[in-house]
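Everything in the sequence shown is counted per our numbering, starting at 255 for the first residue and increasing by one. Idealized CB from N, CA, C, for every residue including glycine. To keep things clear, I will list the structure first and then write my remarks on it.
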Amino acid sequence: MMQEFYAAAIKHTEAPLCDELRELGFKSVRLNRGGIPFRGTWRDGWRACIQSRIAQRIYVLMSRFPVSSNDQLYDGVRAIDWSPYLTPNKTLSVNAVTVGSTLDHSGFVALKTKDAIVDQLRETQGGRPSVDRDNADVRVFVYLANNKAVVYLDLSGESLHRRGYRQEAGDAPLRETLAAAILRLSGWDRTTPLIDPMCGSGTIAIEAALWAANIAPGLARERFGFERWACFSEDDATELRALRGEMRALATKEVPRIVGADNDPRVLDMARANARAAGVHLAFREQSALDVQRDDGRRTLVSNPPYGVRLETDPDFPQGLACTISKLHDWRVALLAGTNVYEKSINLRAKEALQLVNGSIECRLLVYDVP
Ligand SMILES: C[S@@+](CC[C@H](N)C(=O)[O-])C[C@H]1O[C@@H](n2cnc3c(N)ncnc32)[C@H](O)[C@@H]1O
Numbered sequence: 255m256m257q258e259f260y261a262a263a264i265k266h267t268e269a270p271l272c273d274e275l276r277e278l279g280f281k282s283v284r285l286n287r288g289g290i291p292f293r294g295t296w297r298d299g300w301r302a303c304i305q306s307r308i309a310q311r312i313y314v315l316m317s318r319f320p321v322s323s324n325d326q327l328y329d330g331v332r333a334i335d336w337s338p339y340l341t342p343n344k345t346l347s348v349n350a351v352t353v354g355s356t357l358d359h360s361g362f363v364a365l366k367t368k369d370a371i372v373d374q375l376r377e378t379q380g381g382r383p384s385v386d387r388d389n390a391d392v393r394v395f396v397y398l399a400n401n402k403a404v405v406y407l408d409l410s411g412e413s414l415h416r417r418g419y420r421q422e423a424g425d426a427p428l429r430e431t432l433a434a435a436i437l438r439l440s441g442w443d444r445t446t447p448l449i450d451p452m453c454g455s456g457t458i459a460i461e462a463a464l465w466a467a468n469i470a471p472g473l474a475r476e477r478f479g480f481e482r483w484a485c486f487s488e489d490d491a492t493e494l495r496a497l498r499g500e501m502r503a504l505a506t507k508e509v510p511r512i513v514g515a516d517n518d519p520r521v522l523d524m525a526r527a528n529a530r531a532a533g534v535h536l537a538f539r540e541q542s543a544l545d546v547q548r549d550d551g552r553r554t555l556v557s558n559p560p561y562g563v564r565l566e567t568d569p570d571f572p573q574g575l576a577c578t579i580s581k582l583h584d585w586r587v588a589l590l591a592g593t594n595v596y597e598k599s600i601n602l603r604a605k606e607a608l609q610l611v612n613g614s615i616e617c618r619l620l621v622y623d624v625p
């Protein structure tokens with residue numbers, strides 16, 4: 255049976271996520287603000303969890319109904335059959351977002367939803383699941399906009415940026431999903447050699463290597479949320495193992511040279527450990543970004559240069575980096591900049607200047623073709 259899914263995106267990464275899902279062959283993929291709806295079988299939902307590099311979460315739609323009172327919300331949630339997912343000995347968490355609606359307190363919407371689910375279970379199964387905010391078996395999300403509720407069940411469990419390979423991170427690591435979005439937005443073709451000369455814990459370089467090798471990011475994850483649902487049977491587990499096997503077989507060994515560099519040996523050790531855990535082969539080197547040279551051929555440079563306090567300690571750095579970049583003839587350069595100092599220093603016309611958000615920092619992804 256076909257389900258309606260919704261792949262949640264980090265703000266401003268909807269377009270690359272939409273491209274990715276289409277490329278992965280999902281059906282009825284639609285560009286939409288906040289996330290990308292698509293349709294498919296349950297197996298497609300599992301596959302999205304395993305294969306999407308950019309989605310933060312994959313949800314399945316449970317119900318849509320109008321809500322302008324507490325009772326309507328309660329009744330609408332209670333009308334959903336929760337028994338395939340929850341039993342009294344499972345744990346539950348509910349999150350909610352409300353916009354432009356009579357019920358304008360998201361905490362209250364979450365609480366009311368939880369009450370309706372728990373009351374149904376108590377009545378039909380004689381016991382209630384307990385709430386676990388951090389590590390619930392079943393995660394429910396309610397989006398209430400303009401007095402219309404959409405109730406989703408989260409297939410992902412932990413957020414999908416937690417690939418399972420990052421053991422250690424530097425001071426300001428990028429989320430893996432954002433790094434994957436940046437790589438796609440940079441226009442990298444996955445065959446040109448790539449360098450991140452300020453690689454920190456290595457997120458961009460590792461995500462590049464996984465993408466180039468066609469290694470599905472979810473293969474390193476031990477478990478997804480849907481595996482903890484009551485209805486997830488032995489047969490499902492067998493089918494999921496087969497699906498993982500199919501995904502593993504798609505990997506290729508033909509990967510271009512990918513280099514991560516940083517001037518801080520401490521973060522390079524972390525990056526090496528993370529790359530090992532991710533099962534990718536990268537070259538790491540201790541080097542200042544100011545010393546990157548054109549060498550012998552074309553490269554794509556994708557990086558997230560320092561900002562804030564780190565930058566204040568060396569105010570000449572953006573100018574120096576701009577000078578280095580100006581000598582990288584024929585290179586594609588993409589910088590995720592949390593400050594406009596790089597844009598001001600680089601004396602080239604950006605091919606793209608795309609808005610993105612890194613954590614809570616508004617950024618721009620500046621893409622240049624160096625002449
Ligand atoms: C914002 S962090 C990058 C974080 C990285 N994307 C990650 O996911 O961990 C910036 C990095 O630039 C490095 N850095 C600062 N100045 C540098 C320089 N002159 N040359 C090379 N790396 C430098 C810092 O050590 C830091 O790891």
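Between A403 and T345 a beta carbon distance of about 23 Å is seen, past the 8 Å cut, so the two are scored as non-contacting. The shortest C-alpha to C-alpha distance from E268 to any of D443, R297, S306 and F319 is the one to S306.
Along the length of the segment 523 to 553, whole beta strand (DSSP E) runs at least 3 residues long occupy 537 to 540, reported in chain order. Given a length threshold of 3 residues, each whole run of the beta strand (DSSP E) inside the segment 370 to 453 is given here in chain order: 392 to 399, 402 to 408 and 448 to 450. If you ignore the 5 residues before and after L582, its C-beta comes within less than 6 Å of the C-beta of R548 and V624, all in its own chain and listed in chain order. Per DSSP, the unbroken alpha helix (DSSP H) holding G499 starts and ends at E488 to A503.
Taking all protein chains shown into account, T295 has fewer than 16 neighbouring C-beta atoms within 10 Å of its C-beta and is therefore exposed.
If you draw a straight line from the Cα of A364 to the Cα of A350, it is about 5 Å long.
Residues P320, V321, S322, S355 and T356 of the same chain have their beta carbon placed closer than 7 Å to that of N401, with the five preceding and five following residues left out of the count. For G574, the enclosing alpha helix (DSSP H) stretches over residues F571 to S580. Within the DSSP secondary-structure output, D516 pairs in a beta bridge with E540.
A distance below 8 Å between beta-carbons, with the five flanking residues on each side excluded, links P427 to the following residues of its chain, in chain order: R420, G454, S455 and T457. The C-beta of R318 has fewer than 16 other C-beta atoms within 10 Å across all chains shown, which makes the residue exposed.
Distances from the CA of V595 to each of E616, P569 and A588 were compared; the closest alpha carbon is that of P569. Counted as a single uninterrupted DSSP element, the alpha helix (DSSP H) harbouring G330 occupies residues N324 to R332.
Assignment of beta-bridge partners to I312 by DSSP yields A261. Under the DSSP assignment, L271 falls in the alpha helix (DSSP H) whose first and last residues are E268 to E277. By the beta-carbon neighbour count (other beta carbons within 10 angstroms, threshold 16), D408 is buried. With 5 Å as the limit, the residues whose C-beta approaches any heavy atom of ligand 1 more closely are G424, A426, P427, L428, M452, G454, S455, T457, D516, N517, D518, V521, S542, A543, N558 and P560, in sequence along the chain.
Excluding the 5 residues flanking it on each side, R444 has same chain C-beta neighbours closer than 7 Å at W465 and A466, in chain order.
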